[in-house]
RNA sequence: GCUCCGGUCGUCUAGCGGUUUAGGACAUCGCCCUUUCACGGCGAAGAUCGCGGGUUCAAAUCCCGUCCGGAGUACCA
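Take a look at the structure:
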């Protein structure tokens, strides 16, 4: 039988990195096994339902490049793929009836006040907390009929068999054993007629012929309910794969405090989807050897459940940065430009940066200005529209020293702007030397007339150096760099001069002269 | 409280009873490259494998206990 996995989020909010990791595993596993990946919406909770959420999922998954074989947005032979729609179609009703008829489920008419009281009583008396039968598990039919006749609302609970072991086979951890006596009778159908996760997800997984359930480890405690459901229905259970959680750098559950948790935020920050996926896959999974930087194909071909780790993993942004930089450096400059254009075309990028607040700024570093970062990036992309060849040269020079797509904006700014910002410290440090005026004159005369090669630019500067008896090239190179770029760091001087060309060099040297005291 | 899960360098991990003086990667530090910042190369430091017992000729690897961390304990998923 072919492998079928599903990603079944509840549309209550944004798509976070933890959920991305789960889909990624679904996706990689399905691809590796040549199976199908199904997308299903678990919208059985009316109170927490968020209409925009499904769109967020679809959009994020589209960006990240995870495609499904079936789902609400593309259809498929096992539809509908939204549980609310499946409920309307009467799918759950027939199965709950079957369970009731077999005696594995029963109606319970307790009010929420009664349940609260019950828990309070249990707590005070140090009893096992939970619904283990109450008044209804063993109620006689006349009582039930009377309650129905009285119009009382009810839930349908599962009648957990007592005094036995329930075994759950977890693909990562192996056999997990539970005592059925500590399992309260879970609600299967709520008072509003909606199924709970326990019921809907398992019925759907069976109906959709799901073979492996990848989900977070927070589901382990309720997994005996799920395993039991399959048993009581007489269905063969899928393999449960409980993935460890992703935690923040401080060891706590990943939350907004740790910076971005929303996947789209990483896109907006200029991370490449391939690097993100590579990185995310490595949290809780390992191919077994020493390889870390992998292409998508390598990820797919080496993905196995055996490589999954049982312990929680931390989200280490430094490693993501490394992977991202590595990926950027490995791409052709044309491909980098394409990625930047793609990022620019995403509406969320602008929104992210314009509302950006630098919450965890690095000490001794200026606060990050989101609007400025975005406008520098935008300028570059727009500039590239009309000056593609020149822009490509600029990007190529910065490709070695940038970690994010968005960083190209600030890094390349001096290339494309007429009057780059002059770093006052740099000016102070290098423009005070006695030879700078002569140097700038020499620069204009030798480098400002026609396009030279990288080596020729070097020769011109060396020429000045020997003529003036200066020992090292540094005192020549540094002022020139500041004059041309306004900064003390950046690409190789001669390479950068070759990109700028004579006209820009002349203009910039002229302007630099106004800074010389 | 109860139940379940987890525990190898700061971090991600390799390891599946002997080839282990526990390997790799990120981060850190140093050196080299070099006109700067990076990149790249080389190297250093960093884990008595949570702790304590046991099994065994031999344990990070198997068993038991213990501690710590986490999750669940909803008509949420």
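Numbering (the numbering used here), first residue to last: 126 to 642. C-beta atoms are modelled at their ideal positions from N, C-alpha and C, and glycine is treated no differently. It should be emphasised that the depicted structure is a prediction, and the values quoted were computed from it without experimental measurement.
- The three-state secondary structure of residue 149, taken from DSSP, is helix.
- The C-alpha of residue 589 is placed about 7 Å away from the C-alpha of residue 564.
- Per the C-alpha coordinates, the member of 396, 341, 477, 459 positioned closest to residue 444 is 396.
- In the DSSP assignment, residue 195 forms a beta bridge with 163.
- Counting every other CB atom within 10 Å of its CB across the protein chains shown gives residue 246 a total below 16, marking it as exposed.
- Going by DSSP, residue 521 is part of no beta strand (DSSP E) but of the alpha helix (DSSP H) stretching over 513-523.
- Residue pairing by DSSP places residue 365 opposite 295, 338 in a beta bridge.
- Nearest C-alpha to residue 609 among 623, 598, 596: 623.
- Residue 221 is not a Cβ neighbour of residue 163, given a cutoff of 7 Å.
- When secondary structure is reduced to three states using DSSP, residue 344 falls in the helix class.
- Here residue 146 is buried, its C-beta having at least 16 other C-beta atoms within 10 Å.
- DSSP lists 438 as the beta-bridge partner residues of residue 371.
- Counting only the Cα atoms, residue 172 lies some 51 Å from residue 521.
- Around the beta carbon of residue 306, fewer than 16 other beta carbons lie within 10 angstroms, which makes this residue exposed.
- The three-state reading of DSSP puts residue 391 in helix, counting H, G and I together.
- A Cβ-Cβ contact shorter than 7 Å links residue 297 with residue 435.
- Beta bridge pairing from DSSP links residue 633 with no other residue.
- One Cα belongs to residue 156, the other to residue 573, and the distance between them is close to 57 Å.
- When rounded, the separation of the alpha-carbon atoms in residue 224 and residue 357 is 8 Å.
- Remark: C-beta atoms of residue 335 and residue 363 approach each other more closely than 7 Å.
- For residue 430, there is no enclosing alpha helix (DSSP H), as DSSP gives it neither H nor E.
- Here residue 401 is buried. Its C-beta has 16 or more other C-beta atoms within 10 Å.
- Just measuring C-alpha positions, the residue of 322, 603, 149, 562 sitting nearest residue 167 is 322.
- Rounded to whole angstroms, the separation of the alpha carbons of residue 269 and residue 473 is 54 Å.
- Look at residue 526 here: in three-state DSSP terms it is helix.
- If you draw a straight line from the Cα of residue 255 to the Cα of residue 308, it is about 8 Å long.
- Per DSSP, residue 641 is not a residue of any alpha helix (DSSP H), being assigned neither H nor E.
- For residue 342 and residue 370, the gap between their C-alpha atoms comes out near 7 Å.
- Take residue 567, set aside five residues on each side of it, and the residues of its chain with a beta-carbon closer than 6 Å to its own are 589, in chain order.
- Between residue 333 and residue 203, the C-beta spacing is below 7 Å.
- With contact defined as three or more Cβ pairs closer than 8 Å, the region 368-382 and the region 346-354 are not in contact.
- For residue 240, the enclosing alpha helix (DSSP H) starts and ends at 237-249.
- Contact between the region 229-244 and the region 269-280 is present, with at least three C-beta pairs closer than 8 Å.
- The straight-line gap separating the alpha-carbon atoms of residue 410 and residue 339 is approximately 13 Å.
- Boundaries of the beta strand (DSSP E) harbouring residue 232: 230-233, taken from the DSSP string.
- By the Cβ-count criterion, residue 547 is buried, with 16 or more other Cβ atoms from all chains shown falling within 10 Å of its own Cβ.
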